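If you're matching positions, the sequence shown starts at 8 in the numbering used here and goes up one per residue. Structure, as C-alpha coordinates:
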Amino acid sequence: MSLFEAKNSSDQNPISSEIEAWFGILYSCVSADNQIADSETASLSRILHSKQKFIGIDIAPLYIKSFDLRTELGQLKYISACCELINEEDKETVFALALEVLLADGALEKEEKNVIEILSNRLKITAGMTSKIIEVIFLKNKGNIKGI
8 MSLFEAKNSS DQNPISSEIE AWFGILYSCV SADNQIADSE TASLSRILHS KQKFIGIDIA
68 PLYIKSFDLR TELGQLKYIS ACCELINEED KETVFALALE VLLADGALEK EEKNVIEILS
128 NRLKITAGMT SKIIEVIFLK NKGNIKGI
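The structure is reproduced here in C-alpha coordinates:
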(Lines of atoms letter the chains of each structure in order from A and count residues from 1; the text may use other names and numbers.)
(Lines give C-alpha, C1' and ligand atoms only; values in the text may rest on other atoms or scores of the structure.)
Protein backbone atom coordinates (compact mmCIF):
# COMPACT_ATOMS: atom_id res chain seq x y z
CA MET A 1 0.00 0.00 0.00
CA SER A 2 1.37 3.39 -0.96
CA LEU A 3 1.34 6.47 1.24
CA PHE A 4 -1.29 7.99 -1.09
CA GLU A 5 -3.63 4.99 -0.66
CA ALA A 6 -3.24 5.04 3.12
CA LYS A 7 -4.14 8.76 3.25
CA ASN A 8 -7.20 8.26 1.04
CA SER A 9 -8.54 5.36 3.11
CA SER A 10 -8.22 7.33 6.36
CA ASP A 11 -9.84 10.42 4.83
CA GLN A 12 -12.81 8.50 3.40
CA ASN A 13 -16.19 10.07 4.10
CA PRO A 14 -18.21 7.93 6.54
CA ILE A 15 -21.45 9.17 4.92
CA SER A 16 -22.32 6.76 2.13
CA SER A 17 -25.27 8.42 0.36
CA GLU A 18 -27.06 11.67 -0.19
CA ILE A 19 -30.02 10.30 1.80
CA GLU A 20 -27.70 9.80 4.79
CA ALA A 21 -26.29 13.29 4.25
CA TRP A 22 -29.73 14.96 4.22
CA PHE A 23 -30.76 13.04 7.31
CA GLY A 24 -27.45 13.72 9.06
CA ILE A 25 -27.77 17.46 8.57
CA LEU A 26 -31.34 17.56 9.83
CA TYR A 27 -30.50 15.23 12.71
CA SER A 28 -27.64 17.54 13.69
CA CYS A 29 -30.14 20.38 13.83
CA VAL A 30 -32.62 18.60 16.10
CA SER A 31 -29.76 17.48 18.34
CA ALA A 32 -27.89 20.82 18.36
CA ASP A 33 -28.69 21.30 22.04
CA ASN A 34 -27.90 17.63 22.82
CA GLN A 35 -31.58 16.94 23.52
CA ILE A 36 -34.17 15.59 21.11
CA ALA A 37 -37.80 16.15 22.05
CA ASP A 38 -40.58 13.95 20.68
CA SER A 39 -41.93 16.99 18.85
CA GLU A 40 -38.56 17.44 17.10
CA THR A 41 -38.52 13.79 16.05
CA ALA A 42 -42.07 14.15 14.72
CA SER A 43 -41.13 17.34 12.86
CA LEU A 44 -38.07 15.69 11.32
CA SER A 45 -40.10 12.66 10.22
CA ARG A 46 -42.80 14.89 8.74
CA ILE A 47 -40.27 16.93 6.76
CA LEU A 48 -38.51 13.86 5.40
CA HIS A 49 -41.70 12.06 4.45
CA SER A 50 -42.79 15.12 2.48
CA LYS A 51 -39.76 14.76 0.19
CA GLN A 52 -39.92 12.47 -2.82
CA LYS A 53 -36.36 11.21 -2.29
CA PHE A 54 -37.42 9.70 1.06
CA ILE A 55 -40.35 7.68 -0.30
CA GLY A 56 -39.89 4.08 0.81
CA ILE A 57 -36.87 4.91 2.99
CA ASP A 58 -36.85 3.46 6.51
CA ILE A 59 -35.49 6.31 8.60
CA ALA A 60 -35.03 4.33 11.83
CA PRO A 61 -31.57 3.03 10.79
CA LEU A 62 -30.62 6.58 9.81
CA TYR A 63 -31.22 7.75 13.39
CA ILE A 64 -28.85 5.07 14.69
CA LYS A 65 -26.12 5.80 12.16
CA SER A 66 -26.44 9.56 12.66
CA PHE A 67 -26.26 9.24 16.44
CA ASP A 68 -23.19 7.03 16.20
CA LEU A 69 -21.35 9.19 13.65
CA ARG A 70 -22.18 12.47 15.41
CA THR A 71 -20.85 10.97 18.65
CA GLU A 72 -17.73 9.59 16.96
CA LEU A 73 -16.86 12.59 14.77
CA GLY A 74 -18.33 15.46 16.75
CA GLN A 75 -20.93 17.91 15.50
CA LEU A 76 -18.67 20.00 13.23
CA LYS A 77 -16.95 17.13 11.43
CA TYR A 78 -20.22 15.25 11.06
CA ILE A 79 -21.99 18.23 9.48
CA SER A 80 -19.00 18.84 7.20
CA ALA A 81 -19.00 15.21 6.05
CA CYS A 82 -22.73 15.37 5.33
CA CYS A 83 -22.44 18.64 3.40
CA GLU A 84 -19.90 17.09 1.03
CA LEU A 85 -22.57 14.76 -0.37
CA ILE A 86 -25.36 17.29 -0.94
CA ASN A 87 -26.02 17.97 -4.63
CA GLU A 88 -25.52 21.56 -5.71
CA GLU A 89 -29.19 22.00 -6.65
CA ASP A 90 -30.33 20.78 -3.21
CA LYS A 91 -28.07 22.89 -0.99
CA GLU A 92 -30.48 25.78 -0.44
CA THR A 93 -33.39 23.37 0.12
CA VAL A 94 -31.47 21.39 2.74
CA PHE A 95 -30.42 24.65 4.41
CA ALA A 96 -34.04 25.88 4.50
CA LEU A 97 -35.24 22.56 5.93
CA ALA A 98 -32.47 22.66 8.53
CA LEU A 99 -33.61 26.13 9.56
CA GLU A 100 -37.20 24.90 9.68
CA VAL A 101 -36.14 22.26 12.20
CA LEU A 102 -33.96 24.68 14.18
CA LEU A 103 -36.57 27.43 14.35
CA ALA A 104 -39.69 25.32 14.84
CA ASP A 105 -40.08 26.74 18.34
CA GLY A 106 -39.65 30.33 17.12
CA ALA A 107 -36.43 30.82 19.10
CA LEU A 108 -32.78 30.58 18.15
CA GLU A 109 -30.37 29.41 20.84
CA LYS A 110 -26.57 29.82 20.77
CA GLU A 111 -25.92 26.23 19.66
CA GLU A 112 -28.48 26.62 16.89
CA LYS A 113 -26.84 29.83 15.66
CA ASN A 114 -23.53 27.95 15.44
CA VAL A 115 -25.15 25.18 13.39
CA ILE A 116 -26.67 27.74 11.00
CA GLU A 117 -23.29 29.39 10.47
CA ILE A 118 -21.54 26.06 9.92
CA LEU A 119 -24.20 24.85 7.50
CA SER A 120 -24.19 28.07 5.53
CA ASN A 121 -20.41 27.93 5.18
CA ARG A 122 -20.15 24.19 4.41
CA LEU A 123 -22.98 24.29 1.89
CA LYS A 124 -21.43 27.42 0.34
CA ILE A 125 -24.63 29.42 0.44
CA THR A 126 -24.12 33.12 -0.20
CA ALA A 127 -24.62 35.57 2.64
CA GLY A 128 -27.51 37.19 0.79
CA MET A 129 -29.34 33.91 0.24
CA THR A 130 -28.64 32.82 3.82
CA SER A 131 -30.24 36.04 5.10
CA LYS A 132 -33.28 35.60 2.85
CA ILE A 133 -33.86 32.01 3.93
CA ILE A 134 -33.45 32.89 7.62
CA GLU A 135 -35.88 35.80 7.29
CA VAL A 136 -38.55 33.66 5.62
CA ILE A 137 -38.25 30.83 8.13
CA PHE A 138 -38.36 33.29 11.05
CA LEU A 139 -41.53 34.85 9.63
CA LYS A 140 -43.08 31.44 9.06
CA ASN A 141 -42.37 30.33 12.65
CA LYS A 142 -43.11 33.61 14.42
CA GLY A 143 -45.44 33.02 17.32
CA ASN A 144 -44.88 29.26 17.48
CA ILE A 145 -45.32 27.72 20.90
CA LYS A 146 -42.10 26.35 22.41
CA GLY A 147 -41.97 22.62 22.85
CA ILE A 148 -44.70 21.72 20.36
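The beta carbon of each residue, even a glycine, is placed where N, CA and C say it ideally should be. Keep in mind the model is a prediction, meaning the values are calculated, not measured.
Residues near residue i by beta carbon distance below 7 Å, same chain, minus five either side
i: Lys-84; result: none
i: Ser-35; result: Arg-77, Gln-82, Tyr-85, Ile-86, Val-122
i: Asp-97; result: none
Continuous alpha helix (DSSP H) stretch holding residue i: start and end
i: Phe-74; result: 67-80
i: Gly-31; result: 25-37
i: Lys-98; result: 98-109
i: Asp-40; result: Run containing Asp-40: none; DSSP gives neither H nor E here.
From the options, residue whose alpha carbon lies closest to that of residue i
i: Cys-1; options: Ile-62, Ile-132, Met-136, Asp-45; result: Residue 1 is absent from the structure shown; the chain starts at 8 and stops at 155.
i: Ser-73; options: Ile-26, Asn-148, Ile-144; result: Ile-26
i: Asp-40; options: Glu-118, Gly-63, Asn-20; result: Glu-118
i: Ala-134; options: Glu-99, Ser-57, Arg-53, Lys-58; result: Glu-99
Own chain, CB closer than 6 Å to residue i, minus 5 neighbours either side, in chain order
i: Phe-61; result: Leu-55
Proximal residues to residue i (C-beta, below 8 Å), its chain only, five neighbours per side dropped
i: Phe-102; result: Leu-126, Ser-127, Leu-130, Ile-132, Thr-137, Ile-140
i: Ile-22; result: Ala-28, Gly-31, Leu-76, Ala-88, Cys-89, Glu-91, Leu-92
i: Ser-24; result: Leu-92
request  = Give, in chain order, every unbroken run of the alpha helix (DSSP H) that is at least 4 residues long and sits entirely within the region 113-143.
outcome  = 117-129
message = Using a Cβ distance threshold of 8 Å, determine whether the region 94-111 contacts the region 64-75, with at least three qualifying pairs required.
response = no
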